[in-house]
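Protein chains in written order, with the working numbering: chain A, 4 to 178; chain B, 894 to 1829; chain C, 3 to 422. Positions of the beta carbon are idealized from the N, C-alpha and C atoms, including for glycine.
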Amino acid sequence: MLSEKSKGIIQSLLPHYQTKQSAMIPALYLAQKEYGHLTEEAIREVAAVLEVDPTEVWGVSGFYSLLYDAPVGRYVLHICDDLPCALRGAEKFADHVCRKLGVKSGQTTPDGMFTLERVMCLGACDKAPVMQVNLEFYENMTPEQADRLIDDLRSGKATAPSISALDPILDGRDG
Amino acid sequence: MAQLITLTIDGHEVSVPPGTLIAEAAKRVGIEIPVFCYHPKLEPVGMCRMCLVEVGTPRRGKDGQIEVDAEGRPVIAMMPKLQTACTVPVSPGMVVKTNTKPVQEARAGMLAFLLTSHPLDCPVCDKGGECPLQELTFAYGPGVSRFPVESKLQFVKPVPLGGLIMLDRERCILCSRCIRFQEEIADDPVLAFKNRGRGMEIVTFSNPPFDSKWSGNTTDICPVGALTSRDFRFQARPWELTNTASVCPHCSVGCNIALSHRYREIRRVMPRENDPVNEIWICDKGRFAHHFVNSPDRLSSPLIRRNGQLEPASWDEALDLIAQRFGEIKAQAGPDALGGLAGDRAPNEDLYLFQKFFRAVVGTNNVDHRTPAESCWPSDDMIYRLGVASGTDLGKLGKDTAIFFIGADPDEEQPVLWLKLKKSAQKGGAALIVANGRPTKLDRYARYRLRYRYGSEAHLVAALLNAVLSHPRSLPPANEGEGRSKEFAARLDGLEALRAAVAAYTPAQVAEETGIAEGDLNTVARLLAESPGLVILFGREAATPAVVHGLANLALVTGHVGRVNNGLVALLRHNNSQGAADMGLFPDRLPGYAPVSDAGARARLSELWGASLPEKPGLGTAQMLEWGTLKGLYVLGADPAAEYPGSRPTLEALDFLVVQDLFLTPTAKLAHVVLPAQSFAERSGTFTNTERRIQLFYPAFNLPLDARPDWQILNDLAARMGQSFGYASPSDIMAEIRNAVPIYQDLTDLELGIPQSKGRRPRSSIIHLGTRFDYLGGLGHQWPVMAEDPQARFNLAWIAPESDSRLQTPDSELSFVLAPIVRLYDRGTLISKSDILKPLIPPLHVALNEDDAAALGITDGDRVQVRSAQGEIETIAHVDGLAPRGVILYPIDLDTATDCTLFVDGAQATRVAVKSLAISYQQPGPAAPAPQVLGV
Amino acid sequence: MPEHIILRDLDIPDIAQFDVYVNHGGYQALRKAIKENTPDQVIDIVKRANLRGRGGAGFPAGVKWGFLPKGVFPRYLVVNADESEPGTFKDRQIMENNPHQLLEGIAITAYAIQCRAAYIYIRGEYASVAGKLQRAINAARAANYLGPNILGSDFTLEVYLHLGAGAYICGEETALLESLEGRLGQPRNKPPFPAAVGLYNKPTIINNVETLANVPPIIERGPEWYLSIGTEKSPGPKVFCLSGHVNRPGNYELPLGTPFRVLIEEYGGGVRDGKQVKGILPAGASAPILPAQALDVPMDFESVQAAGSMLGSGSVIVMDEDTDMVWAALKMVRFFKHESCGKCTPCREGTYWMLKLLERIHSGKAQLSDIDLLNEVASTMVGKCFCPLGEFSVSPVLSSIKHFRDEYEAAIRAQMKMAS
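Here it is, written out as structure tokens:
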């Protein structure tokens, strides 16, 4: 069950829009944060809140790359290796992080800590190589910096925001 | 009428209404523009890009004038890009080129793209042979594939999309027709695209998957073999099938269908186009419930009871025995000791002959087609007098028509009728008023919803009458509105008496009784009074005599009869309920509704039939099934032993019982002679639908059964009893019906149609409707009602609302209303032979409101006891949002025995008490017993 | 450039803070618009300034605003902050470092088109940017530059941030609207255009972040001043995103019409390691590659088009002499294949087919005829796709074959030689 808090947030967002369905993406972000990914239950709950058929929600969840309908790690690492970044060594950098984590793009480390995704442009082409940890930017990265960041995240020395992209806005609303 | 727009397509000039799309305009001049995603019944999306054409428009100079060349012809500016013919509307002077090199290259290119990942499995694809993709590839596609074969996407071969439909994702070209059908037409948005780009696929996430009564239609409009029905998969290649034009034998909408058959077996049922009846759609019941025809349970020869056992016999033996026994009973006890009960599924010809047999050969009026409880339904001749005027298309009602709908859930009872009302309200803008004690899917499109308390329907109608009669503009004779002249008011008898009778039922006074606010009733009354058109539809849940007469009065005093888009529609139960009434299957009415007491009518028929007719009204169903009234009974296509178990002692005690049916029904098991009848697929005949449209169906095949059509059996039996009818075919009988039944006299062969169905036409249909069946027959004939006669007079008969006292029980223990509801998938004899539909038939249950459930300590799925004044049952409780407070919804025909246990008089609500049995079954011990039926 | 008009954070580092922005004349343009001008006058000023859309199409903003059907309300303003084009990162800098100028532009535009609700559709990957922007909205609202009865007038405006969830196609304005309404981000048929039938089927204006950031200075200093910057047909400052093989990648605000060479050499510090330019992508992945000969083409909408490409969003990706152009084309087609929404046949199937062919060529398993096939597949797509994404996707293929066919042939021949 979605927490009352999340339901409350969704309710607070509904007046922003003319239709309940408009709150689809924010609601899915919230559900994803609670469940870790968009489970069947999460899909049905969001559908009920937005008063749409669950099929509609299920379809939307598959269209967007930041919505996950399968489990992901605690930290989702995005490395852009699109052309502008690749021109500045992003492919080698991404290869390095893959080796470091022992996973291929799209895979999650066996301990469930990290999911690595080689992604399309992140809007940081001038600061390549760039990595996002749960959507927080780490720019002009070196392999050494990446190693250290991963080690720190694993050991708890460093933290990153939740996987909900909505959190920064909600924090911004509150503070 | 808007001015037509003239344009040129490949040099052909064509004039079409504004807003017409190029693809449709091209169709008019016979030019094929290939499409995949476009479908005329769906909103255009322009996704597949198959219909790209060159388009130009007259060039305008700086002065805004059209430029002309040296010869005075407009200079055409061709658009730089190709345009999608399915999304661009025509404009004056437009020039369209559909066969240029760029267009040809575009078509070949799009086909090459569509085929990149499409498997070449046409030889094993059910669509092969009638596949638009296949056809268009032959017509326009590249000769070779240059896509690297190792890069083709592969999916697990077909996956079930639901209980009825399979999805082959490799074949899918992602045109979204199925998704849009479910959204725009069915309003069950249970299909969607998931993922994006080449990873996109069709998914469903409803529970159960693909939860829609319309799912089969997606296989019709799918332009490839991606969606196939689990029923038809691998049953036959389309070119091996013979297609026979037919009419759906289930509900009373009368959808036009084609039976696709091979080796004397129905392989599939497809819709046939008939725009005013079913457009191009059918529901899943109509599509998948055909298996009864080829059921191994069909009776294969006559049976005669010998030494207490039913044993096979020859037709001669059986018919001789019936003639002998009927003759003996008639001689000993008189003709009125015999009676006939016919089901309202049989064709008109057979029903006509059935009553003729009893009236002319036996000499009794003891014939009926109604259930014991239906003696008021549909108030006999109400539709004959005031039915919706001929020419009305319930799917094309517009802003100037109001629709008052009361007491049914058309989505479950008559899905295609639901579809049409939805379309009229949603697209046409008709003002839909839905009055019901519970929510239904029709509510979504209602402008006003009247949620009355069960039992107060007649008060609601009386209050509407009261309000309408106090409305200055609508009230005859003051009303000067269109078609509602003073002259019309002068044709009404009993207006002042009616005014006096309804005076006590003001909207304010009935507000408490009905639960509907005074203001709401006044608003609706004003709408009904002021609307130029009004169609009133009523269903069995509300149709008491007081309600039906009240509705008739409502139509009359507002002048809403006799004109197109005005009048009454009864939601009748079976495919030929209307025909059964028309054919005179009443103990007190002759064919064409004349009372048996009408000497003139009797004389006319007597002359036609060459026999004298009994004057005395006969016995109705209820009386015939009373113990001791009859000695011999002839049951044709009905099953009283199952449907009204209380009649079993009577049936068992009869001297002689003849049952004519497809199956050895519980009634047949009691019979002395059982006669195997032919199904609608083996013979021809006509059905008359709920809108009074007479439609012809054709024989598809003969089965290796020793079964005969009902009419032939009656014909032969009459001969044995001394009257030679001499009919050689149903059309002989129809020729006589035209003389015997005045309302059928204008029926022409042309309207009934030509016995042809060319089958799925993928190629020609590309610019038409996608794969569907061409319609080559007539559209049927809708007979006119009495109100269409400008001389007809009307009597405003009044039945006081207090006559509906069934829910006003003094027994306060029975505090709940038990409301019977109809479900599309029930346990009727015909549907239960269809294995593919069986999983969709719910187990017996009752549904109740969350608040009531909480108060009673009932949770979803608990066993409960339901007790009416008549009996009690145990069943499962569903706790859902559909039951109003204080109401228990009970789906009928899931278990006819329990139906009869609880209900006093069939399909009318009654009072009950409910209690939870959950606790007792939670105790450890032996497994919970099967639900026990008590009180039978 | 002496003074930054859009990237004011380069001159005033803390301008993201509300107080700093206000202290440097912030929100005065909004005050001026509301107090001194009718909505129509504001539209007229922007029309006269010929502010051309900075999202890529270059359509005059004021003209677009004028398309709104008269008397139809409510109307909506939707801010396209779905910046997802490879090589584009200008809107992010504006939103992160100069958010109030955007908000002021939004408020003025909303006043001009008389709408009461504006939605900023910001890509999901910019979640952290969105957080900062939300704070800026709060600050502006607290000071009554947004919210009810702005500056005591009867003009009310709520600005809502709406996060995307990872889909390039949502930068296409109608796909964005679909996404904002909670559906798959697949584009809609045009016509009707959003100005007539947009968000919730109501008249809607959709403008890019940078476009709106141009509005306050136009109102403040007038159209004549604005027209004095840039070229006659492409006036005003433009933020160019410079990336790839240059020494100093980043955002550079220059007048429209500045030649590529100036951007790359003067501002970008030239190509890394002293190498030569081989190819320039002037608009991210979406426009044809230009060869080095185009270095002196002025970066304005008309000139770049005349040179055989498009200025688009002004995202200049520089590739040096060692760049494998088959690989570069493969990278870009991979992007489009990944981002194709799947709605129309040519884009959905064509991007997949092109990618498969490019992979085959790049991995050396191709035949020479595959180059023609690739060229043909791309050509078949041209002009037939539902929306610009599909049309863009062929640019890297057609232009790289046109200018660097020898590299394709070499890639295939090298393998053929090895095989024999």
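Close CB contacts of residue 1292(B) within its chain, under the 6 angstroms cut and outside five residues either way in sequence, are with 1322 (chain order). Closest in alpha carbon position to residue 1133(B), among 1689(B), 1161(B), 1122(B) and 1476(B), is 1161(B). For residue 958(B), no beta strand (DSSP E) encloses it, and the DSSP letter there is neither H nor E. Annotated three-state conformation of residue 1316(B) is helix, per DSSP.
The segment 311-323 of chain C and the segment 272-279 of chain C touch, with three or more beta-carbon pairs separated by less than 8 angstroms. Within the DSSP secondary-structure output, residue 252(C) pairs in a beta bridge with 244(C).
Contacts with chain B at 8 angstroms (Cβ-Cβ) include residue 46(A). Residues of the segment 384-410 of chain C whose Cβ lies closer than 7 angstroms to any Cβ of chain B, in chain order: 385, 386 and 388.
Residues of chain B with a Cβ closer than 7 angstroms to the Cβ of residue 120(A) do not exist; the shortest Cβ-Cβ separation is about 15 angstroms. Listed along the chain, the chain B residues whose CB falls inside 8 angstroms of the CB of residue 58(A) are 1082, 1083, 1084, 1085, 1096, 1097, 1098 and 1099. Boundaries of the alpha helix (DSSP H) harbouring residue 382(C): 371-383, taken from the DSSP string. For residue 243(C), the closest Cβ of chain A is nearer than 8 angstroms.
Between residue 283(C) and residue 289(C), the CB-CB gap stays under 8 angstroms. Beta-bridge partners assigned by DSSP to residue 1295(B): 1324(B) and 1427(B). A distance below 6 angstroms between beta-carbons, with the five flanking residues on each side excluded, links residue 1495(B) to the following residues of its chain, in chain order: 1506. Taking residue 1426(B) as the centre and dropping the five residues before and after it, the same chain places the C-beta of 1293, 1294, 1458 and 1459 closer than 6 angstroms to its C-beta, in chain order. Residue 118(A) and residue 97(A) have their alpha carbons spaced roughly 13 angstroms apart.
Assignment of residue 341(C) by DSSP, reduced to helix, strand and coil, places it in the helix class.
With respect to chain B, the C-beta atom of residue 53(C) has no partner C-beta closer than 8 angstroms. Of the residues assessed, residue 1043(B) falls on the exposed side of the cut-off, its CB having fewer than 16 other CB atoms within 10 angstroms. Taking C-beta atoms as the reference points, residue 1359(B) and residue 1396(B) count as a pair closer than 8 angstroms.
A direct Cα-to-Cα measurement between residue 411(C) and residue 359(C) gives close to 13 angstroms. Of all residues in the segment 48-77 of chain A, only 56, 57, 58, 59, 61, 62, 65 and 66 come within less than 7 angstroms of chain B when Cβ atoms are compared, listed by chain position. CA-to-CA, the gap between residue 407(C) and residue 378(C) works out to about 14 angstroms.
Residue 1590(B) is bridged by DSSP to 1578(B). Within chain A, the residues placing a beta-carbon under 7 angstroms from that of residue 1089(B) are 66, ordered along the chain. Restricted to the segment 1779-1804 of chain B, the alpha helix (DSSP H) segments that are unbroken, complete and at least 4 residues in length are 1789-1795, listed in chain order. Runs of the alpha helix (DSSP H) lying entirely within the segment 1724-1757 of chain B, each at least 4 residues long, are 1743-1749 in chain order. Secondary structure note for residue 1243(B): its alpha helix (DSSP H) is the uninterrupted segment 1241-1249. With respect to the C-alpha of residue 1612(B), the residue from 1488(B), 1141(B), 1220(B) and 1113(B) having the closest C-alpha is 1220(B). For residue 28(A), a Cβ of chain C is located within less than 8 angstroms of the residue's own Cβ. For residue 75(C), no chain A residue has a C-beta closer than 7 angstroms to its own C-beta; the minimum C-beta separation is roughly 13 angstroms. For residue 69(C), the number of other beta carbons within 10 angstroms of its own is below 16, and it is reported as exposed. Annotation for residue 1527(B): the continuous beta strand (DSSP E) segment containing it runs 1525-1529.
Residues of chain C whose Cβ lies closer than 9 angstroms to the Cβ of residue 175(A) are, in chain order, 132, 133, 134, 135, 136, 137, 138, 139, 140 and 163. For residue 1713(B), the enclosing beta strand (DSSP E) starts and ends at 1709-1714.
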